[in-house]
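Quick notes on the structure that follows.
There are 2 protein chains.
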Amino acid sequence: MRNVNKDNITEVFTGYFGEDTDPRAREILASLAKHLHAFAKEVNLTHEEWRQGLELAQWTGKITTDERNEFVLLSDVLGLSSLVDMLNSRPDATSSSVLGPFHVSNPPVLEIGGDLKGDYDGELLLVEGAVRDTNGRPVAGATIDIWQTAPNGLYSSQDPNQDIHSFHALMTTDAEGRYAFTTARPVSYTVPDDGPVGKILQAAGRHPWRPSHLHYIIKAKGFHTLVTEVFPDDDPYLDQDTVFGVRNDLVMTYTERRAEDFPKGFKLSGKVTEPFLSVKFDLVLAVAQIS
Amino acid sequence: MRNVNKDNITEVFTGYFGEDTDPRAREILASLAKHLHAFAKEVNLTHEEWRQGLELAQWTGKITTDERNEFVLLSDVLGLSSLVDMLNSRPDATSSSVLGPFHVSNPPVLEIGGDLKGDYDGELLLVEGAVRDTNGRPVAGATIDIWQTAPNGLYSSQDPNQDIHSFHALMTTDAEGRYAFTTARPVSYTVPDDGPVGKILQAAGRHPWRPSHLHYIIKAKGFHTLVTEVFPDDDPYLDQDTVFGVRNDLVMTYTERRAEDFPKGFKLSGKVTEPFLSVKFDLVLAVAQIS
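Those protein sequences? They're chains F and Z, same order as listed. For the first sequence, the working numbering begins at 1 and goes up steadily by one. For the second sequence, the working numbering begins at 1 and goes up steadily by one.
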């Protein structure tokens, strides 16, 4: 098209597509360009604003490392990650929620009843539950990849004083689908706000806080993999999670219990002498469609 | 909001905004999120596609250097750069067109009638014209920043065999607003397609070609700066510029003229013994609003 203008550019864009390519790729690119063009038109984007946007993108690229993926964080604070989670949630299964940028590879295996707290400060938290299918039948042999912040609000990959595998574990459910472990209660924390994402939050007048949570990835043969989180119902940031991760079915009560009620079968090294917290988080997996 | 869902997430996003921030920044972020969410919903984006998109973004960051800005190129091939140009074009002025990623700082000054071709191969092209205001009055003392590919299709920043300032010049218009220079005819070329942008073009079944052009940035006191390009009317890629830069008023005829008709007042070192090409490109600037 020799005379591209602001009214025909989206049509010109799709008119340049070839036909011998993946239709899904073309569908995604056409929709992306359409909405990108609609955005620029709606706000009447100036050259200076365009330049600032590209500078933010470049900065995002520069700050991204294997340990800190600022593009994931950008997707998180723009609500895109949560939206993709919700678009791909399975009916009747536990809601999915943001993966976040802090998952590590090859987490250490932890047996049922094992402990993640070790010598760390923080409140002792007992986490237990079961993995079931949408008909309530237990899913045995499901693997649960668990990770969380240390009591200082930092993930191991953010904190040189932690071992890279601290507060990371891989657990396998028993014949009744059960899992259980002890840990230090995770805390509310701020997403990294010293980079371009921080700049965006500042421009929007938004805080960088997330409510406290435990991350889970649950995999089981024949089921859709579930990436999710569990939140305590008394967290002050529950109603304004900066990455939009909270769903009603992921909010649980952390119950305070007496030291003498600490159950048997856990692998804590010392004796429990103070009150502890306890939460039950059951998970429902959806059967994968056979394609 | 404790129960974010795919129907309310855009509203939740803007609901998190603070009030003590720049309203324009909030307007841009709200519109960006709205259209980004609409895109993800329209295509029902999967986690795997989201992950692939983030990988492309990361790759774009990694490949970007001071000499190669892949984010600009991405904006170019998605039509965003051209759209921003068109949104900011001034009525009655020459159309603006893409800046592209190959402009260099501090181009060498070239006097009127100067030469850019030197010992390079390629067809000799005489370029001349005048800068005027929207009432047809000459704009004296306007600076024209000119750059183009060498006859091998590469800009100086892409080609270790060229001096960084080859085919770059800064010229100032005379009392009648005129400018003139000789150069080697620029050629059609491909945008860099060995990176993420190439991957996107491939996925869309699009070629990476741009029609031949000269780049101009024209600055003059009291006028809006104009970033534009001039294209020859016989280029095979005129109707499918991969960065959407062509506008009707930027397409000019390159006339073949006899060697003996080469005009006086040019600074070419040797005598013109073969036919040469000649193009006239007049530019109209819009008066800047006094704010």
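Positions of the beta carbon are idealized from the N, C-alpha and C atoms, including for glycine.
What residues of chain Z sit near residue i, judged by a beta carbon separation below 8 Å?
i: residue 18 of chain F; result: 204, 205, 206
i: residue 61 of chain F; result: 57, 58, 60, 61, 62, 64, 71
i: residue 27 of chain F; result: 43
i: residue 123 of chain F; result: Within 8 Å Cβ-Cβ: nothing; residue 123 of chain F doesn't reach chain Z, min ~23 Å.
i: residue 200 of chain F; result: 29
Tell me which same chain residues have a C-beta within less than 6 Å of the C-beta of residue i, skipping the five on either side of it?
i: residue 283 of chain F; result: 94, 131, 218
i: residue 123 of chain F; result: 185, 277
i: residue 144 of chain Z; result: 171, 179, 216, 218
i: residue 267 of chain F; result: 113, 114, 115
i: residue 272 of chain F; result: 259, 262
i: residue 42 of chain F; result: none
i: residue 142 of chain F; result: 131, 173, 218, 220
i: residue 165 of chain F; result: 108
i: residue 279 of chain Z; result: 127, 252, 254
i: residue 63 of chain F; result: 70, 195
Between residue i and the rest of its own chain, which residues show a CB-CB distance below 7 Å, the 5 nearest in sequence each way excluded?
i: residue 343 of chain Z; result: Beyond the ends of chain Z as shown, which are 1 and 291, falls residue 343 of chain Z; an answer cannot be given.
i: residue 258 of chain Z; result: 275
i: residue 303 of chain Z; result: The shown model of chain Z, from 1 to 291, leaves out residue 303 of chain Z, and the question about it has no answer.
i: residue 193 of chain Z; result: 201, 208
i: residue 89 of chain F; result: 95, 96
i: residue 256 of chain F; result: 275, 277
i: residue 117 of chain F; result: 124, 182, 183, 184
i: residue 54 of chain F; result: none
My guess is that residue i and residue j are in contact by the Cβ rule of under 8 Å, so how many angstroms apart are they, rounded?
i: residue 77 of chain F; j: residue 200 of chain F; result: 7 Å
i: residue 208 of chain Z; j: residue 198 of chain Z; result: 7 Å
i: residue 107 of chain F; j: residue 170 of chain F; result: 5 Å
i: residue 129 of chain Z; j: residue 281 of chain Z; result: 4 Å
i: residue 246 of chain F; j: residue 191 of chain F; result: Contact flag wrong, Cβ pair sits at about 15 Å.
i: residue 104 of chain F; j: residue 156 of chain F; result: 7 Å
i: residue 139 of chain F; j: residue 133 of chain F; result: 6 Å
i: residue 151 of chain Z; j: residue 120 of chain Z; result: 6 Å
i: residue 29 of chain F; j: residue 203 of chain Z; result: 7 Å
Which residues in chain F sit within 7 Å of residue i, going by Cβ to Cβ distance?
i: residue 293 of chain Z; result: Any answer about residue 293 of chain Z is impossible in this case: the structure gives chain Z only from 1 up to 291.
i: residue 115 of chain Z; result: The contacting residues do not exist; residue 115 of chain Z stays about 31 Å from chain F at best.
i: residue 100 of chain Z; result: In chain order: nothing, as chain F lies at least about 13 Å away.
i: residue 38 of chain Z; result: 35
i: residue 75 of chain Z; result: 54
i: residue 50 of chain Z; result: 84
i: residue 9 of chain Z; result: 79, 82, 83, 244
Run the CB neighbour count on residue i, radius 10 Å, all protein chains shown included, and call it buried at 16 or more, exposed below.
i: residue 253 of chain Z; result: exposed
i: residue 65 of chain Z; result: exposed
i: residue 302 of chain Z; result: Only positions 1 to 291 of chain Z appear in the structure, and residue 302 of chain Z is not among them; the question remains open.
i: residue 27 of chain F; result: exposed
i: residue 23 of chain Z; result: exposed
i: residue 182 of chain Z; result: buried
i: residue 222 of chain Z; result: exposed
i: residue 137 of chain Z; result: exposed
i: residue 51 of chain Z; result: exposed
i: residue 175 of chain Z; result: exposed
i: residue 195 of chain F; result: buried
i: residue 288 of chain F; result: exposed
i: residue 229 of chain Z; result: buried
i: residue 20 of chain F; result: exposed
i: residue 233 of chain Z; result: exposed
i: residue 75 of chain Z; result: buried
i: residue 79 of chain Z; result: buried
i: residue 264 of chain F; result: exposed
i: residue 249 of chain Z; result: exposed
Residues of chain Z with a CB under 9 Å from the CB of residue i: which are they?
i: residue 41 of chain F; result: 83, 87
Leaving aside the five residues before and after residue i along the sequence, list all residues of the same chain whose C-beta is less than 8 Å from its C-beta, in chain order.
i: residue 188 of chain F; result: 153, 209, 210, 211, 212, 235, 236, 237
i: residue 82 of chain Z; result: 76, 97, 98, 243, 244, 245
So which residues of chain Z does residue i contact, with C-beta pairs closer than 7 Å?
i: residue 6 of chain F; result: 83, 86, 87
i: residue 12 of chain F; result: 244
i: residue 47 of chain F; result: 84, 88
At a CB-CB cut-off below 9 Å, which residues of chain F make contact with residue i?
i: residue 33 of chain Z; result: 78, 79, 80
i: residue 190 of chain Z; result: Chain F residues near residue 190 of chain Z: none, gap ~14 Å exceeds 9 Å.
Can you list the residues of chain F that residue i reaches, using a CB-CB cut of under 8 Å?
i: residue 22 of chain Z; result: 203
Pairs of beta-carbons, one from the stretch 147-161 of chain F and one from the stretch 237-248 of chain F, closer than 8 Å: are there three or more?
no
Is the stretch 11-18 of chain F in contact with the stretch 50-64 of chain Z, if contact means three or more CB pairs nearer than 8 Å?
Touching, no, given that fewer than three Cβ pairs across the two stretches are closer than 8 Å.
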